[in-house]
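Quick notes on the structure that follows.
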Amino acid sequence: MKIGLNEKIVEVPERSTLMEVRSLYRAAADVWILNGAMVMEDTPLFEGDEVMLIERGVVPPRAELESVMAARHTPGVHAQMKAATVGIAGLGGLGSSVAVALARMGVGRLVLVDFDVVEPSNLNRQQYFVDQLGQSKAVALGENLKRINPYVKMELHVERIMPENIASFFEDVDVLVEAFDRPDQKAMLMQYGGSCPLVTASGLAGYGSGESIGVRKMGDRVYVVGDLKTAAAPGCGLMAPRVGIAAHMQANVVVQLLLGEL
């Protein structure tokens, strides 16, 4: 029978077990992943199973690294992620966190746009480091994403998004993520006439219950993440936990859209 082994198709005897395949192909492997889940004991294998055998602490060869990085994905997800292009408008607390999540998901191409630079008050919730203060957010985030996933392709734009240039950045993306702070900027992107799905956010300030943050669909193509009421204001700041919840919910909506499940 044929199974996937570290992203290669191999022929193994019928009724083979995981440990038998390990002994035959990679006896030193001490991390065993079957169809996206780590297993702790021997188990029978079946036609079409996806097996990943990893030796803990050993960096795999570059030709194998990308598949190993995606070993915990549900089978079939990685190929669809790699074929996708996602645009992110704004690279602050939401946008930088969405970008990190999608890079870890293995999205093949990210279009990242922000005119701003990293400044100290960003560091409480945004995916940058102290030694990146003063750098363009687009360039700094690009550096960080390459450290996370060297296989993601990135198109970086250090520019302010305006109604007249939105299409030039995002006309060929599969999904567009709105990650602005200001209501007028959010409205501008909502009014953009593109045909791709738009994943936006509203209501994620403070430290209230994360359970109040939800996903709502508006019209045919807009998905809004947040509680729709808790805006940043004096006495109610933007902080990593709730911003992170919203950003990862945005990223998850993107994944669902790319997989055709929304």
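My numbering numbers the first residue of the sequence shown as -2 and each following residue consecutively. We put the beta carbon where it would ideally sit given N, CA and C, even for glycine. Keep in mind that this is a model prediction, so the values were computed, not measured.
Put simply, the region 86 to 98 touches the region 162 to 176. At least three CB pairs are less than 8 Å apart. Per DSSP, the continuous beta strand (DSSP E) segment holding Leu50 begins and ends at Glu47 to Ile51.
C-alpha of Gly190 to C-alpha of Arg218: approximately 11 Å in a straight line. DSSP lists Val114 as the beta-bridge partner residues of Ser133. DSSP, reduced to helix, strand and coil, places Leu88 outside both helices and strands of the structure shown, so it counts as coil. The DSSP-derived three-state label of Met151 is strand. In terms of Cα proximity to Glu47, the closest of Arg213, Glu161 and Val18 is Val18.
The residue from Met151, Glu161 and Leu259 with its alpha-carbon nearest to that of Val170 is Met151. If you look at Leu173, you'll find it in the beta strand (DSSP E) that goes Val172 to Glu175.
In the DSSP assignment, Val18 falls within the alpha helix (DSSP H) that extends over Leu15 to Tyr22.
Around the beta carbon of Leu99, 16 or more other beta carbons sit within 10 angstroms, so the residue counts as buried. In the three-state DSSP reduction, Ile210 falls in the coil class, being neither helix nor strand. Assignment of Val251 by DSSP, reduced to helix, strand and coil, places it in the helix class. Put simply, the region 145 to 162 does not touch the region 121 to 132. Fewer than three CB pairs are less than 8 Å apart.
Within 10 angstroms of the beta-carbon of Ile163 lie 16 or more other beta-carbons, which makes it buried.
Beyond the five residues adjoining it in sequence on each side, Ile145 comes within less than 8 Å, by CB distance, of Val97, Ala100 and Arg101 in the same chain, given in chain order. A check of alpha carbon separations from Ala228 across Gly205, Gly216, Tyr220 and Lys214 identifies Gly205 as the nearest. Rounded to whole angstroms, the gap between the alpha carbons of Leu21 and Val55 is 19 Å. If you draw a straight line from the Cα of Lys183 to the Cα of Asn32, it is about 40 Å long. Taking a cut-off of 8 Å on C-beta distances, the region 211 to 225 does not touch the region 109 to 119, as fewer than three cross pairs fall below it. The criterion of a C-beta distance shorter than 9 Å is not satisfied by Lys79 and Gly45. Non-local beta-carbon contacts of Ser192 in its own chain, meaning distances under 6 Å to residues more than five positions away in sequence, are absent.
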